[in-house]
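In this note's numbering, the protein residues as written are 23 to 87.
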């Protein structure tokens, strides 16, 4: 697992609540990663079953562990 994926899992565990994609993009903890890297890592982690993805509405997606 690469560092971006590991950091996303750590961040979601630490926050202990669902986070939107915008919250993840603006998080200082992930500031070293570019948006496409974060997006790809989120989709990969979701497919692998490490994190969950829910739609609050059509335009708002949240991620959580």
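Cβ coordinates follow ideal geometry from the N, Cα and C atoms, glycine included. This structure is a prediction, so every number in the text was calculated from the model and none was measured.
For residue 82, the uninterrupted beta strand (DSSP E) run begins and ends at 82-86, by DSSP. In summary, residue 82 is exposed, with fewer than 16 beta-carbon neighbours lying within 10 Å of its beta-carbon over all protein chains present.
Here residue 38 is not bridged, per DSSP, to any residue. Shown here, residue 73 sits in coil according to DSSP, grouped into three states, outside any helix or strand.
For residue 46, the uninterrupted alpha helix (DSSP H) run begins and ends at 43-48, by DSSP.
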